[in-house]
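If you're matching positions, the sequence shown starts at 23 in the working numbering and goes up one per residue.
By construction, the Cβ of each residue, glycine as well, lies at the ideal position given by its N, Cα and C atoms.
As the structure is a prediction and not an experimental result, all values here were calculated from the model.
Data first, discussion second: the structure below is written as structure tokens.
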Amino acid sequence: MARFNTVNFITGTKTIVGKFFTCSPTEMTINDVGLNYPSSWPGYGTNASYFIPNDTSGTMTAFHIKNNSHVRAQTQKNNADKGNVTTRMDYMYYEQNTMQGINTIGISRRVEEWPPPPSTIPVGYNYPWIIGGFDLMLQDGNYTTSAALQTALDNRFKQTPNGFSGNISNVWIPGYNTSTGRTLIGYRSQSEVVFGIFVGGTQANPSNSSGPTVFECRQLMKDSLGCQRALLVDGGGSTQAKWKQGGSDKSYPTSGGRQVFCQIALTRAAAATVSWPL
């Protein structure tokens, strides 16, 4: 059963506030919302995936799969999510092996090493959802400083085919050390997914112009929320939650954010079990 939660995460002198859901993998989906902001959002959801405005060397393209097919923007914008370009990102997936009856949540790294679905989906497998982003390396060691995590991320992505020039902070994750709004998804177990948004300010007065650094995102998902693995997706002005309530559009933070074309969402059936308003 889907559950709505809030969190106050204190690190040093900074307080991070968040709204997030825990649900089963079957209660989560990905919706194409085009660029109609916010009127076309069909239910609760956060922004999805991660993209940098130009499809050039050293950048990446948003990547989403829903039921084995690419989720595309209704309007082409910044070459996002075209599904036919080489990308250099990680992705979290929900895989159903229909022949053996085995369902798996996991994170795969560096799409560039292995052509991603749907072109490589074997017979007997189904992917209800896949979303691209950056693996926060929760299982890779006890990184006690932001610099150590940044070095580990840099070294891992430099091992991709063709490599890349630059580093995480100015090429792959803009604002690596910046306090800004972040959108995160992870899993605690094979039956429990966590997704939501994390910003600065207070629950009553949130601001996506402040929030956790990437290192703090890792601490939050691992230590506070108990995730086994977690993925960083698009943040900053894209960090936003939208839902319909009484026929009206609602958002969190209330100031809203930039236009996005895709949302991580609860299914309608799961949303019906949650108490509104948030």
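Check your understanding: Excluding the five sequence neighbours on either side, which residues of its own chain have a C-beta within less than 8 Å of the C-beta of Pro147, listed in chain order?
Key -> Reading the sequence as shown, one finds Tyr at residue 147 and not Pro. Closer than 8 Å at the Cβ level, and outside the excluded window around Tyr147, lie Glu117, Gln118, Asn119 and Thr120.
**Study point:** Beta-carbon spacing of Gly40, Phe217 below 7 Å
**Key:** Taking 7 Å as the Cβ cut-off, Gly40 and Phe217 do not qualify as a contacting pair.
Review point. Given a threshold of 16 other Cβ atoms within 10 Å of its Cβ, counted over all protein chains shown, does Asp112 qualify as buried or as exposed?
Key: The residue in question, Asp112, is buried, as its Cβ has 16 or more Cβ neighbours within 10 Å.
Check your understanding: Would Tyr198 be called buried (16 or more neighbouring beta carbons within 10 Å of its own) or exposed?
Key -> Buried is the call here.
Check your understanding: Based on Cα-Cα distance, which residue from Thr289, Ile52 and Thr276 lies nearest to Asn227?
Key -> That would be Thr276, whose Cα lies nearest to the Cα of Asn227.
Review point. Could you give the residue range of the alpha helix (DSSP H) that holds Ala287?
Key: DSSP places Ala287 outside any alpha helix (DSSP H); the residue lies instead in the beta strand (DSSP E), whose first and last residues are Cys284 to Leu288.
**Study point:** Where Thr51 sits in the DSSP three-state scheme
**Key:** Strand, per DSSP.
Practice item. For the beta strand (DSSP E) containing Arg251, list its first residue and its last residue. Key: Per DSSP, Arg251 belongs to the beta strand (DSSP E) from Arg251 to Val255.
Review point. What do you get for Trp63, buried or exposed, if any count of 16 or more other CB atoms within 10 angstroms of its CB means buried?
Key: No answer about Trp63 holds up, because its pLDDT of 40 lies below 50 and its placement is not dependable.
**Study point:** Between the CA atoms of Thr202 and Asn230 - distance to the nearest angstrom
**Key:** One C-alpha to the other measures close to 6 Å.
Review point. Does the distance from the C-beta atom of Val296 to that of Phe26 stay below 7 Å?
Key: Taking 7 Å as the Cβ cut-off, Val296 and Phe26 qualify as a contacting pair.
Point to revise | Own chain, CB closer than 6 Å to Gly185, minus 5 neighbours either side, in chain order | key: Confidence is the limiting factor: at Gly185 the pLDDT is only 49, short of 50, which leaves the residue's position unreliable, though a coordinate-based value still follows. Cβ neighbours of Gly185 beyond the five flanking positions: none.
Point to revise | Whole-Å CB distance - Ile207 paired with Ala252, under 8 Å assumed | key: Right, their Cβ atoms sit about 7 Å apart.
Exercise for review: Can you tell me the Cβ-Cβ gap for Gly155 and Leu254, rounded? I've got them flagged as a contact below 8 Å.
Suggested key: Contact holds; Cβ gap of about 5 Å.
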